[in-house]
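Colleague: So that we are looking at the same thing, I have put the structure below in structure tokens.
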Amino acid sequence: MGRVTASAPGKCILFGEHAVVYGEPAVAVAIEQRISVTLESVKAGETPWKIGGMHFDAKKHPHVQALRNRLWQTSQNAPGLTIQVTGDIPPASGLGSSAALSVAASAALRCARGRWYTSTDDLQNPQTWAEGYASTLEQNDVYTAENREISARQTGSPMSHYVVGKEVASLDESALLGHAVEAVAQGGRASPMDASTCSHGGAVLLSDAIESDVDYLYTRQLTMEDGERTWHLHSVNLPHSTEGLYLVIGNTGVYAPTSNQVAKVAAAIEAKPGRIKEIQTIGMIARRGIQSLKDGDFEAVGRAMSENQIMLQGLGVSCPELETLIRAAAPTSLGAKLTGAGGGGCMVALTRHPKQTSEAIELAGGRTLISRFGNAGLTIDVCENMPLWDTAQ
Ligand code: PMV
């Protein structure tokens, strides 16, 4: 029987949350904690889709359902699947668990389905795909929930090669699909930061401009209720060793939906338009922090994180629980701030003393995760007897 397992990391934001909504740059890094998705075909006579041993309930799994609409259409005679999801990223805490799930599931589904190519010279080059999704092809339709036929889109060249195996999964397609299904699951609103960081790994910079001195990846667009949004994504190479440096993430356990926090900042700026200066200051701090990251000056990275926190506090998106954990981490770390939307959720400290920092955060009431830098993005961990759904027949 065929089996495929794909996994993707969670993420935390080092600089620029909230300001990124207004076009300023933000940087997210992949963390060590991951989500794994395993797919197997169901035995003859079993119910078509199972997840975690239960009947698949589309309402409980909106991300998987959105992917199913795009890559695995039962109307096209796709066979049933059993899906297992495991991992150590806490859900709904701003650490990208839903993006990691979406990215890993889209890659696993792609492997399980195989892919048509016009040329097999360079399997990672979107121009040679005869079907599938890529940033360099027209991509608007990838965000549409209704159109179920488009995953079989052809570029116009004859479809000559059907390829199976782990090479058919691509970071670009998984990031694109991950973003698309996050947008569907979140009612049409999602930045590509989570999906791109979970897919590419390392450190990802998102901005409203193409930035210099970093590797440009691609540009994404999404039509939201209030207009078209465009983001430019880049991969930041950390040229200096991050040996001995750790991120300690402290979870307050307080639930605060991102949309409420984003609305809070929007209301504050609407009430006092001059406060946009605070957003611009976060942008300046983020740019300085990014430069320090590239210079390998981690003392300066830590200082920029703490300055970023002061601005976020001023904007009203911190909370007493976050402040308590940040204060507890401060004596043993280079810098600390909330990560993500704030109001609850998680903080992150940059430290050379992970054990002490973690213990201090735990004593102050937080639950901690420890991560190094430079973590891998999407990986295909098992790929046996592919495809599960042979579209070559
Ligand atoms: O809490 P998270 O990880 O979903 O991050 C939210 C980041 C914001 O900048 C507050 C919102 C956004 O869309 O970028």
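If you use our numbering, the sequence shown closes out at 379, no skipped numbers anywhere. Glycine included, every Cβ here is placed at the ideal spot set by N, Cα and C. Given the structure is predicted, the values throughout are model-derived calculations rather than measurements.
Taking 8 Å as the cut-off, does the region 191 to 209 touch the region 28 to 43 (at least 3 CB pairs, one atom from each stretch)?
Modeller: no
Colleague: Alpha carbons only, please: which of Ser182, Trp115, Ala254 is nearest the one belonging to Leu220?
Modeller: Here the sequence assigns His to residue 220, which means Leu is not the residue at that position. The shortest Cα separation from His220 among Ser182, Trp115, Ala254 belongs to Ser182.
Colleague: Classify Ser84 as helix, strand or coil using the three-state DSSP reduction.
Modeller: helix
Colleague: Residues near the ligand PMV, CB to any non-hydrogen atom under 5 Å, in chain order?
Modeller: Glu3, His4, Val6, Gly80, Ser177, Thr244, Gly326, Ala327
Colleague: Along the chain, where does the alpha helix (DSSP H) containing Ser344 start, and where does it finish?
Modeller: 340 to 349
Colleague: Span of the alpha helix (DSSP H) holding Phe42?
Modeller: Segment: none, Phe42 is in no alpha helix (DSSP H) and carries neither H nor E.
Colleague: Between the beta-carbon of Asp283 and the beta-carbon of Ser(-7), is there less than 7 Å?
Modeller: no
Colleague: DSSP puts Lys280 in a beta bridge; with which residues?
Modeller: Paired residues: none, contrary to the question.
Colleague: Buried or exposed for Ser146, going by 16 or more other Cβ atoms inside 10 Å?
Modeller: So Ser146 ends up on the exposed side.
Colleague: Hey, how far is the Cα of Pro259 from the Cα of Val251?
Modeller: 11 Å
Colleague: Could you spell out the range, first to last residue, of the alpha helix (DSSP H) harbouring Ala249?
Modeller: 244 to 257
Colleague: Between the Cα of Ser198 and those of Gly326, Glu214, Ser79, Arg273, spot the shortest distance and give me the residue it belongs to.
Modeller: Arg273
Colleague: The beta strand (DSSP E) spanning Glu32 covers which residue range?
Modeller: Neither: Glu32 is in no beta strand (DSSP E) and is coded neither H nor E.
Colleague: Who are the Cβ neighbours of Asn246 in its own chain at under 6 Å, not counting the five residues just before and after it?
Modeller: none
Colleague: Which partner residues does Thr209 have in the DSSP bridge list?
Modeller: Glu214
Colleague: What residue range does the alpha helix (DSSP H) around Pro306 cover?
Modeller: 306 to 315
Colleague: Tell me which residues share the same chain as Ser193 and place their Cβ nearer than 6 Å to its Cβ, disregarding the 5 neighbours each side in the sequence.
Modeller: Pro11, His218
Colleague: For the candidate residues Ala16, Gly31, Leu95, Pro77, whose alpha-carbon lies nearest to that of Gly24?
Modeller: Strictly speaking, residue 24 in this sequence is Thr, with Gly absent from that position. Comparing Cα positions, the closest option is Leu95.
Colleague: Whole angstroms is fine: what's the gap from Val89's alpha carbon to Arg20's?
Modeller: Across the structure, Val89 and Arg20 are spaced so that their CA atoms are roughly 11 Å apart.
Colleague: Using a threshold of 7 Å, state whether the C-beta atoms of Leu109 and Glu159 are closer than that.
Modeller: Going by C-beta atoms, Leu109 is not nearer than 7 Å to Glu159.
Colleague: What residues in its chain sit with their C-beta under 8 Å from that of Leu298, if we drop five residues either side in the sequence?
Modeller: Glu3, His4, Ile268, Ser304, Lys323, Leu324, Gly328
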